Amino acid sequence: MSNRFVFRPFGVMSGRSLIAAAALCVAASAPAASPEAEQLESEARARIVTVQAGSGTILARRRAEKALPLAALDPAARARAVQVLEDQTLFRTLPVLRFPIHEDGLTYFVQHPDVAVALWRVLGVSQCDMWQTGPNSYEGDAGDGSVGLFDVLLRGKTDQLVLVEGQFKSPVLNDPIQATCLFHLHTETAFDAAGEPVAVGQASLFVSFPSRAVGAAAKLISPVTNVVLDRNFEEVCLFAHLMDRSMQTRPVWVEGLASNLDGVLPRRKVELSELSERVYASARYRERLRDRDPGLRTAAPTIDGYGGVRR
């Protein structure tokens, strides 16, 4: 099987689908198109805080390159990553986002992106497909001509490094664009001033193309692509937050979703149900602590210039 993957790391989710997800995740009685559902979706979006806007400047690229965990890679993986950096034509650091989510939930969805994509399909949020083809590889189909496979070079507690090779279909170009992308995701977790779990997520993409002509075409549409990438990252974080909220308030509903997942390993259904139970139990524990000591608080994490959490 050739090493190809979706150049676009995140599937597009429509605004109406997000309203439906908000209604389902927070209040099952609210119809997807109702004012109540729209209010719920608006409130959920307000909890996704942009710490730093996305950027493609030279300074942002240098800082992103410096933050890459290349030293943690084995020699073969490091050589593949360095090759992309040396040949890169486009760069984008996505918005640094802060949002409420339980650490266990964040870790699970980061480590098992195919489960998140399967949930999108169950909820009708996206028609993207992703399936695991090996311990550190996945194949995907965005449903619009963007297809392929990606290799996870590094799975860490705070850093994920993925090498992406494939083709990207843009609505403004007739033919798909072949590309290789090095994708770095960095996440930190802490507690906010109210003692609730939060995460800060940031990601960077370094993209190379097989020819100057292809690179020139990609640069031509980069203003559009950048907007889509930034928006999709925000939508993915919003969806993760909504699922976390559902696990805290409606774990049985999440377990029902887990039973309907397709395209994932059978054990993922059990893992998702168990995750929902843990998040629910953790939320109830925090409630009991606050009931005993209403003044209980923990310090909010401090965000540094690149969006990381200082502990």
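Per mature numbering (1 follows the signal peptide of the UniProt record, and there is no 0), the sequence shown runs over residues -32 to -1, 1 to 279. Beta carbons: idealized from backbone N, C-alpha and C, even for Gly. These numbers were taken from a predicted model, which means no experiment stands behind them.
**Gln100 and Asp82 closer than 8 Å at C-beta** = With contacts defined by Cβ atoms closer than 8 Å, Gln100 and Asp82 form a contacting pair.
**Request:** Please state whether DSSP places Leu62 in a helix, a strand or coil.
**Result:** DSSP places Leu62 in coil when its eight states are reduced to three.
**Asked** Who are the Cβ neighbours of Leu225 in its own chain at under 7 Å, not counting the five residues just before and after it?
**Response** Cβ within range, chain order: Leu87, Val90.
**Prompt:** Would you say the stretch 50 to 59 touches the stretch 237 to 248, given that touching needs at least three Cβ pairs under 8 Å?
**Reply:** Fewer than three beta-carbon pairs drawn from the stretch 50 to 59 and the stretch 237 to 248 are found closer than 8 Å, and the two stretches are therefore not classed as touching.
**Request:** Count the other CB atoms, across all protein chains shown, that sit within 10 Å of the CB of Leu257; report buried if there are 16 or more and exposed otherwise.
**Result:** When all chains shown are included, Leu257 counts as exposed.
**Asked** With burial defined as no fewer than 16 other Cβ atoms inside 10 Å of the residue's Cβ, what is the status of Thr157: buried or exposed?
**Response** The residue in question, Thr157, is buried, as its Cβ has 16 or more Cβ neighbours within 10 Å.
**Asked** Taking Cβ positions, are Cys149 and Phe177 nearer each other than 8 Å?
**Response** Going by beta carbons, Cys149 and Phe177 fall outside the 8 Å limit.
**Within-8 Å CB hit, Gln146 to chain B** = As a matter of chain content, chain B is missing from the structure shown, which is built from one protein chain.
**Prompt:** Is it the case that the Cβ atoms of Pro165 and Ile69 are separated by a distance below 8 Å?
**Reply:** For the 8 Å CB-CB criterion, Pro165 and Ile69 form a contact.
**Message:** If I follow the unbroken beta strand (DSSP E) through Gly108, where does it start and stop?
**Reply:** From DSSP, the beta strand (DSSP E) with Gly108 extends over 105 to 109.
**Item:** Presumed contact (8 Å Cβ cut-off) between Val120 and Gln135, rounded CB distance
**Value:** That pair is no contact at about 20 Å.
**Message:** With H, G and I counted as helix, E and B as strand and the rest as coil, what does DSSP make of Ser94?
**Reply:** Reduced to three states, the DSSP call for Ser94 is coil.
**Prompt:** When we look at the beta-carbon of Tyr253 and count the other beta-carbons within 10 Å, is it buried (16 or more) or exposed?
**Reply:** With fewer than 16 other CB atoms across the displayed protein chains lying within 10 angstroms of its CB, Tyr253 is exposed.
**Message:** Quick check on Gln79: buried or exposed, where buried means 16 or more other Cβ atoms within 10 Å of its Cβ?
**Reply:** Result: exposed.
**Request:** In angstroms with no decimal places, state the Cα-to-Cα distance between Ser94 and Arg235.
**Result:** Taking the straight line from one Cα to the other gives about 23 Å.
**Item:** Simplified DSSP assignment, three categories, for Glu164
**Value:** Three-state DSSP puts Glu164 in coil, outside helix and strand.
**Prompt:** Any idea which residues DSSP pairs Phe201 with across the strands?
**Reply:** According to DSSP, which records beta bridges pairwise, Phe201 is partnered with nothing at all.
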